[in-house]
Amino acid sequence: MKSILSILFLGFVSHAFAGGNDNNYDVSLINAALLKDANAVKRYELIRFEIKDPGSAVYYYKRAVTILNEKGDRYGVWSEAYDKINNIRSVDAILYDANGKKVKSLKNADIADVSGTSEGSLADDVRYKFHSFHYKVYPYTVEYEVEFKFHSLMFMPGWMPVEDNNFAVEKSIMEVIAPKDYTFRYKAFQYDKQPVITEGKEKTYHWEVNNIAGMPDEYASPEWQRITPTLVLGATNFEIDKYKGDMSNWNDFGKFIYSLKESRDLLPDEIKKEIHELTDGETDVKKKIEILYKYLQQNTRYISIQLGIGGWQPFDASYVSAKKYGDCKALTNFMYSLLKEAGIKSVYTLIKAGRNKKLIVQDFASQQFNHVILSVPLAKDTVWLECTSNSLPAGYLSNFTADRYALMVTEDGGKLVRSPNYKMKDNVQSRHIKATLDETGKLMADVATDYKALQQDELFSYINAHTKKEQLDHLKEDIDLPNYDITSFDYKSTPSRLPVLSETLKMVAENYAQVSGKRIFILPNILNKTSLQLKDEERQYDIDLPYEFSDIDSVEIALPNGYVTESLPQPATINSKFGAYKIDYKVVGNKVTMVRSFDKKSGKFPKADYKELVKFYSDMYKADRAKVVLVKKEG
Amino acid sequence: MKVIGVCILIGLCSVSFAQKKEPKFGDIKPEDFKSTVYSIDSSANAVVLFDIGSSYYESIQGGLSVIFKRHKRIRILNKNAFDMATIGITLYSGRSTEERIEDLHAATYNLEGGQVKTYKLDKASIFKDQVNKYFIVKKFTLPNLKEGSIIEFDYSLNSPFPNFIHPWSFQGSAPVLRSEYEVTIPNILDFIFNKIGDLPLDINDVTNGNQTFYNKGSTFPTSTVIHKFGMKNVPAIKKEKFTTTLENHISRINFQLSKIDFPGVPSQDVMRNWYAVSKDLLKDDDFGADISRHNGWLQDEMKIVTGTESSPLDKAKKIFAYIRDNMTCTNHSSIYLSNPIKKVFQNKNGNVADINLLLTAALINQGLKAEPVLLSTRDNGKANDIYPVMSLLNYVICCLKINDKEYYLDASHNKLGFGKLDEECYNGSARLINQDLPRLIDLSADSVMEYKVTNVFFINDAKEGFSGTVTTKLGDFESNHLREKLAKESKADYIKELKKDYVGEIKMSDLEIDSLKSFEDPVTLKYNLTMDTKDDMLYVDPIFAEAYKENPFKSAERNYPVEMPSAMNEVYILRMEIPDGYKVEEMPKSARVNLNEREGSFEYMISKSDNIIQLRSTVKLKKANFLTEDYQTLRDFFAYIVKKHSEQIVFKNVK
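Residue numbers (this note's numbering), protein chains in the order written: chain A, 69 to 703; chain B, 9 to 663.
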């Protein structure tokens with residue numbers, strides 16, 4: 069214990085001497101408590117961000133990680149993206165064995181340098197450098213020392229010492245060095261101290277953590293910032309390319325973004341003419357928006373081009389008019405221009421897109437976004453438009469952008485707003501199955517399902533991207549039944565702000581019911597069985613359940629003649645803070661029916677509730693799979 | 009990396025080349041937009057109207073260049089095909105030589121008010137992406153694209169590598185109405201053509217021509233052979249399960265230089281035969297030159313590894329394990345060394361050729377008889393069994409011979425046991441690199457049997473109640489998959505996954521996994537089961553988790569042959585006491601079916617004597633590859649197994 073304390077002290081003392089670790093990566097020096105449940109241990113990390121002026125900085129880090137097993141291999145591989153604004157100046161690396169003895173060091177020729185342009189992108193500046201020692205005699209340690217030159221303060225690095233689950237940290241230090249007359253901003257999470265500030269020629273800020281054990285990988289765990297130390301940095305005034313901006317607050321940051329897109333809304337005359345032909349006869353503003361959104365969807369397509377400041381500045385509306393394509397910025401700006409010509413004011417809106425990528429540090433203005441959409445504020449409400457989609461209905465945002473903070477950008481500056489949130493009673497899946505079973509166990513079923521709002525997202529985008537034939541092939545393989553065929557199917561979409569997708573299927577499942585001698589075993593819950601089962605173990609973190617929805621199922625199966633019920637499952641009702649579940653079976657005449665409902669709540673719950681959550685899903689798992697047993701009538 | 013060097017010393021320069029009658033760029037008429045559905049595939053998102061290419065030779069300063077021309081026209085039917093309007097052309101761009109694109113044109117055509125309107129690609133919208141040190145991609149997307157647009161592009165690719173003729177795919181993600189490729193080869197060069205895929209050629213013509221090449225003022229008239237290949241109405245490629253690789257089924261043609269015959273220079277046999285190639289490979293610095301050298305540096309290291317071991321087999325096992333455990337494979341696709349083997353040994357990493365040639369050298373160094381073997385892995389497609397087409401091979405293993413017994417070794421996978429190969433290696437035949445007898449080695453999937461045995465015992469235990477144990481010995485491939493899986497995820501996650509098979513009255517516990525680290529042995533799983541016996545009726549699925557719950561062959565249609573990784577034999581044995589207080593009310597009947605007479609069989613034998621039920625289920629496939637025509641039978645066979653495996657034993661309470 070004493071030795072750990074002294075390491076801890078040393079860490080604090082040595083901070084003034086950058087990189088002052090003694091490079092002793094002998095694995096036997098690691099505190100046993102850190103090894104438990106860890107696949108890798110960060111031995112030492114120093115991140116130093118040295119601000120020179122609003123348009124330049126040096127970003128340096130030295131990071132040594134001991135890889136304990138194969139699961140930890142990925143932390144030993146180095147990879148960084150760079151572009152023209154932030155480029156890599158130097159990379160050094162050393163590989164150590166378990167005793168901390170140097171095995172070899174990196175040679176520049178071993179660093180791979182590849183394009184970062186993805187399949188979906190036509191052109192951008194992003195490239196990647198990566199390197200691996202390809203070593204597998206465990207444990208081993210890799211140390212990388214890297215320096216970047218930043219030609220802008222628009223993006224400042226953050227600090228997140230714990231990089232993943234089952235990843236322990238011995239020591240990690242974050243330092244920011246800034247000229248005395250430059251103010252930058254910071255916000256720390258799960259870090260209860262203030263940074264140590266020292267003043268010399270410049271001002272140095274120092275954060276540090278020591279001895280953090282590996283964290284378990286838990287179902288529905290809270291966002292990283294709520295469970296482990298992190299730090300975010302932001303500039304005040306900054307420069308990028310030849311543009312100047314300020315991000316001290318959302319309003320100023322919004323002004324900067326607006327300055328990039330200002331006066332890029334000129335449309336050619338023939339398009340102006342088209343707009344008036346399309347909308348002048350219409351008086352309802354919402355109808356006008358729908359007409360023009362449809363026009364956008366039918367005439368343009370998404371093509372990603374991000375070069376230099378073009379990563380932040382939209383192409384002119386005239387460019388999109390000529391080429392009929394653009395990225396999210398260009399298409400949003402084009403739609404903005406169409407609406408403007410029709411006399412409707414709309415707002416260019418930055419957002420962080422992606423499923424489950426909702427976290428925006430709301431009281432900390434900085435570049436936290438990766439996408440642009442358009443919002444149209446009307447007297448009573450706001451219409452939201454995703455301008456890169458050829459198929460979404462006007463006014464509906466999918467789980468790609470729903471329910472999160474977004475930055476509306478106008479000439480007056482930026483304003484943080486919340487995008488629409490779809491609730492349990494919006495995200496409904498209701499299904500009715502009417503089926504007939506014969507003596508061989510063959511089931512013939514008509515399945516009618518309505519998917520609404522977020523429940524239709526995945527299927528909606530699938531059917532919009534695939535042919536009828538592909539949809540059929542997919543249906544024939546993707547349903548979780550042992551042996552079946554789809555004889556016909558249809559999809560009908562009802563576009564609205566809460567879109568509904570209706571699916572009808574005719575299905576034949578040979579041997580659906582198990583026929584064993586004189587008995588038939590039927591699983592009445594044909595298509596909606598929960599698959600989630602949780603590990604029954606001690607919980608370390610609170611529970612954060614995203615996404616709420618409601619499922620309603622009813623099934624009616626006509627039975628073959630001459631059978632009686634031998635066993636009927638018990639009805640089950642589970643009411644918990646996580647939701648309500650109910651399933652009930654009945655036999656009436658020659659029909660067995662099942663009614664099931666599941667209302668799944670979202671929200672944050674204390675870790676003490678975990679046992680109940682495990683039980684909730686395990687009871688549901690069992691109840692969903694209960695069987696009806698029929699037996700042939702004697703004689 | 010190794011390029012077969014063909015040194016063409018004479019500078020040549022070509023005369024004009026006669027053009028054939030082909031569709032003209034931009035020749036689009038309103039009636040071209042008439043069809044909205046094409047009979048070849050009514051559900052297609054796009055149809056390639058034609059794709060026409062040619063390759064021919066020209067003289068350049070210091071040698072020959074190959075010109076590859078392509079002209080392609082596509083009808084875009086709906087927005088799902090918009091991706092096809094973004095085109096990337098990959099070019100080799102080395103330090104001293106590079107491929108160049110010349111005369112690139114592209115345009116979109118839309119029918120507007122009965123008129124064809126043309127939107128040309130502007131040159132400023134062509135982007136260059138430096139993918140890595142060797143390749144660049146020229147990328148562009150077509151403007152003004154709409155549903156119903158016709159797009160078109162043509163270009164000429166100038167390559168300074170005369171031994172490489174651009175391959176040609178007749179088939180792609182959209183159906184193709186007409187695909188033609190014309191290759192003109194001067195008689196000074198000879199190529200072998202590999203046609204891949206199941207579709208036949210509609211055009212396969214050979215004509216003769218003449219071409220004169222120039223060099224420093226002197227002329228070299230030579231005859232040429234003009235090959236024309238073509239297909240009509242080629243369906244789109246479709247992915248299917250149980251195919252080795254889709255690559256084997258995409259209809260295409262590629263070319264391998266076999267002979268160079270310049271006037272006044274002795275003819276050079278490039279392709280040759282396996283005897284000559286083996287001899288050269290074993291002398292080649294990039295392959296075998298190192299393995300039979302004295303390698304004194306290995307001597308000391310290997311002495312430490314083998315210690316006092318005297319039996320050749322045990323010695324070999326130690327060397328194998330040492331190389332496997334200390335070298336990391338960075339690339340599982342290579343037949344040439346990236347470094348001399350001494351360097352590989354020092355670096356402790358290398359590609360599959362590096363590692364297995366080092367292994368071969370180490371075995372030889374210790375007085376054992378070891379030889380390299382070349383093959384093509386399953387995902388790399390089929391190799392050529394007759395000609396030494398090196399470009400089709402991508403993998404090296406080692407053949408060790410002790411007392412007339414052969415062992416195939418692969419030290420490039422860190423969880424493979426001595427004498428075991430990864431399933432990727434079972435792809436037909438491999439070639440032993442031996443200059444006296446370079447024979448084929450059978451590594452067909454049909455030749456490997458994946459054998460799995462499960463034993464389940466259920467008893468009335470005084471303490472635990474009605475409970476049992478399950479012991480499953482996995483096959484070699486499945487053992488390996490599990491080893492890989494458990495290296496990446498936790499045992500707790502795996503237990504959670506297993507538990508999903510035990511619902512309701514039955515619970516599993518106490519999972520033990522044996523031989524996870526002893527790679528020579530199959531992995532064995534052991535766990536316990538307990539069952540609640542309270543109800544009046546007790547329904548038991550007698551095959552538990554081992555039952556085929558769904559048909560592996562789900563799709564009703566099949567386009568390609570079925571290619572599984574191995575033959576199989578799965579045995580399940582149950583011995584179950586009748587639970588106390590119950591009697592058998594009903595149980596399944598025994599059954600037996602054969603697949604195509606002798607290609608496979610399913611046996612389900614069940615019997616009851618006194619208070620014991622015994623069940624034995626055997627699913628056997630004697631081969632791994634089945635014809636497309638056999639698909640339905642195979643599917644029915646498994647459907648029957650699924651049905652039989654779902655049958656239950658019913659116990660009735662008689663207390």
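C-beta: ideal position from N, C-alpha, C; glycine also.
Point to revise | Short-range partners of chain B found in the segment 338 to 370 of chain A, where Cβ spacing is below 7 Å | key: Arg369
**Study point:** Reference B/Lys32, options B/Ile614, B/Ala52 and B/Ile60, closest by Cα
**Key:** Just measuring C-alpha positions, the residue of B/Ile614, B/Ala52 and B/Ile60 sitting nearest B/Lys32 is B/Ile60.
Point to revise | For B/Glu155 and B/Asn88, the rounded distance between their alpha carbons | key: 9 Å
Review point. What's the gap between the Cα of B/Phe328 and the Cα of B/Asp298?
Key: 18 Å
Check your understanding: Going by other Cβ atoms of all chains shown within 10 Å of its Cβ, with 16 needed for buried, is B/Asp544 buried or exposed?
Key -> exposed
Check your understanding: For a contact meaning CB atoms closer than 8 Å, what does B/Ser526 contact in chain A?
Key -> Within 8 Å Cβ-Cβ: nothing; B/Ser526 doesn't reach chain A, min ~17 Å.
Check your understanding: the segment 351 to 375 of chain B: which residues have C-beta closer than 9 Å to a C-beta of chain A, in chain order?
Key -> Within the segment 351 to 375 of chain B, the qualifying residues are Gln354, Asn355, Lys356, Asn357 and Gly358.
Check your understanding: Is B/Lys507 closer than 8 Å to B/Met516 when the C-beta atoms are compared?
Key -> yes
Review point. Is the shortest distance between the beta-carbon of B/Ser563 and the beta-carbons of chain A less than 8 Å?
Key: For B/Ser563, the answer is yes, since a Cβ of chain A falls inside 8 Å of its Cβ.
**Study point:** Environment of B/Gly102 [buried if 16+ CB atoms lie within 10 Å]
**Key:** exposed
Exercise for review: Could you tell me whether the Cβ of A/Asp181 comes closer than 8 Å to any Cβ of chain B?
Suggested key: yes
Check your understanding: Do B/Ser259 and B/Phe178 have their CB atoms nearer than 8 Å?
Key -> yes
Point to revise | Nearest neighbour of B/Arg606, chosen from B/Ile620, B/Ser598, B/Leu629 and B/Asp618 [CA to CA] | key: B/Leu629
Check your understanding: Smallest Cα separation from B/Pro183: which of B/Val45, B/Ser420 and B/Ile586?
Key -> B/Val45
Exercise for review: Indicate the three-state DSSP secondary structure (helix, strand or coil) for A/Ser71 in the structure shown.
Suggested key: Only weak support exists for where A/Ser71 lies, its pLDDT of 34 falling under 50; the value from the coordinates is given anyway. If DSSP states are grouped into helix, strand and coil, A/Ser71 belongs with the helices.
Check your understanding: Between A/Val145 and A/Lys197, is the Cβ-Cβ spacing less than 8 Å?
Key -> no
Practice item. Could you list the residues in the segment 534 to 568 of chain B with a C-beta less than 7 Å from some C-beta on chain A, going in chain order? Key: Met545, Tyr547, Lys557, Glu558, Asn559, Lys562, Ser563 and Ala564
Review point. Shorter than 8 Å from the beta carbon of A/His542 to some beta carbon of chain B?
Key: no
Check your understanding: Of the choices A/Cys396, A/Val429, A/Lys586 and A/Tyr416, whose alpha-carbon is the least far from that of A/Ser331?
Key -> A/Tyr416
Point to revise | Within chain A, the residues that B/Gln138 reaches when beta carbons sit closer than 7 Å | key: Ser183
**Study point:** Coil, strand or helix - B/Glu578 by DSSP
**Key:** strand
Review point. If you draw a straight line from the alpha carbon of B/Ile581 to that of B/Leu635, how long is it in whole angstroms?
Key: When rounded, the distance between both Cα atoms is 31 Å.
Review point. Going along the segment 502 to 521 of chain B in order, which residues come within less than 7 Å of chain A, judged by CB to CB distance?
Key: Contact annotation: in the segment 502 to 521 of chain B, residues whose CB is within less than 7 Å of a CB in chain A are Lys504, Lys507, Lys508, Val511 and Gly512.
Review point. Between the segment 594 to 605 of chain A and the segment 679 to 691 of chain A, do three or more beta carbon pairs fall short of 8 Å?
Key: With a cut-off of 8 Å on Cβ pairs, the segment 594 to 605 of chain A is in contact with the segment 679 to 691 of chain A, counting three or more such pairs.
Review point. What in chain A is Cβ-close to B/Pro4, meaning under 8 Å?
Key: Since the first residue shown for chain B is 9 and the last is 663, residue 4 of chain B is missing from the structure and cannot be characterised.
Review point. If you drop the 5 nearest sequence neighbours on each side, which residues of the same chain put their C-beta closer than 7 Å to that of B/Phe465?
Key: Here B/Phe465 has Gly476, Thr477 and Arg583 as same chain residues with Cβ atoms under 7 Å from its own Cβ, once five neighbours each way along the sequence are excluded.
Point to revise | Closer than 7 Å at the beta carbon, the chain B residues around A/Leu190 | key: Thr94, Phe135, Lys147 and Thr149
Practice item. Measure the alpha-carbon distance for A/Lys413 versus A/Lys391 and round it to whole angstroms. Key: Whole-angstrom Cα-Cα distance: 25 Å.
Check your understanding: Does the segment 318 to 328 of chain A come within contact of the segment 490 to 500 of chain A, defined as at least 3 CB pairs closer than 8 Å?
Key -> By the Cβ rule, the segment 318 to 328 of chain A does not count as touching the segment 490 to 500 of chain A, because fewer than three pairs are nearer than 8 Å.
Exercise for review: Report yes if the C-beta of B/Ala553 is less than 7 Å from at least one heavy atom of the ligand MN; otherwise report no.
Suggested key: The ligand MN is not part of the structure shown, which contains no ligands of any sort.
**Study point:** chain A contacts made by the segment 460 to 488 of chain B, where a contact means CB separation under 9 Å
**Key:** none
Review point. What first and last residue would you give for the alpha helix (DSSP H) that runs through A/Met403?
Key: Residues Cys396 to Glu409.
Point to revise | For A/Gly79, the three-state DSSP class (helix, strand or coil) | key: Only weak support exists for where A/Gly79 lies, its pLDDT of 33 falling under 50; the value from the coordinates is given anyway. Secondary structure of A/Gly79 (DSSP, three-state): helix.
Practice item. Quick one: give me the first and last residue of the alpha helix (DSSP H) that B/Trp305 is part of. Key: Gly304 to Thr314
Practice item. Could you check what DSSP says for A/Asn278 in three-state terms: helix, strand or coil? Key: Reduced to three states, the DSSP call for A/Asn278 is strand.
Practice item. Assign B/Arg386 to one of three DSSP states: helix, strand, or coil. Key: helix
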